[in-house]
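Below is one structure, written out as structure tokens, with a few remarks after it.
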Amino acid sequence: MTSDYDRLRNGIEFMTAYVSGNDLLTAYVTERRREDPMATEALMDGAAALCALLLRKMARDTGKTEHELLQELARGTHRHEQRSEE
């Protein structure tokens, strides 16, 4: 069983590689898969745990519900994609 700390640590490592660029992300995921064939599942779980923690923090900081924040993110992403297509 994985602790919450380990889940979040996996999420932080994965998202650090993600924001560092595609080459680093690819290298990181490749290395993790080499160490453990089930690493992809652990990385997704860690990223989800990290996102949930950040969403809870944003909800507390803004006074909005988590659902409201998710809807705002979805609408903002949709608008951005539509502008990019023009």
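First residue of the sequence shown: 1, per full-length UniProt numbering; consecutive thereafter. Positions of the beta carbon are idealized from the N, C-alpha and C atoms, including for glycine. Just so it is clear, the structure is predicted and the values come from calculations on it, not from any experiment.
- Item | Every unbroken alpha helix (DSSP H) inside the stretch 8-61 [4 residues or more] | Counting only runs of 4 or more, we get 22-35.
- Task: Determine, using beta carbons only, whether Y5 and A17 come nearer to each other than 8 Å.
- Result: One thing to note: Y5 has its Cβ no nearer than 8 Å to the Cβ of A17.
- Message: Tell me which residue opens and which closes the alpha helix (DSSP H) that S84 is part of.
- Response: Membership of S84 in the alpha helix (DSSP H) is indicated by the continuous run E66 to E85.
- Less than 8 Å between the CB atoms is what I'm expecting for A59 and L73, so what's the real figure, rounded? Incorrect: roughly 12 Å between the Cβ atoms, too far for contact.
- Task: To the nearest angstrom, report how far apart E85 and G76 are at their CA atoms.
- Result: Just so you know, the alpha carbons of E85 and G76 end up roughly 14 Å apart.
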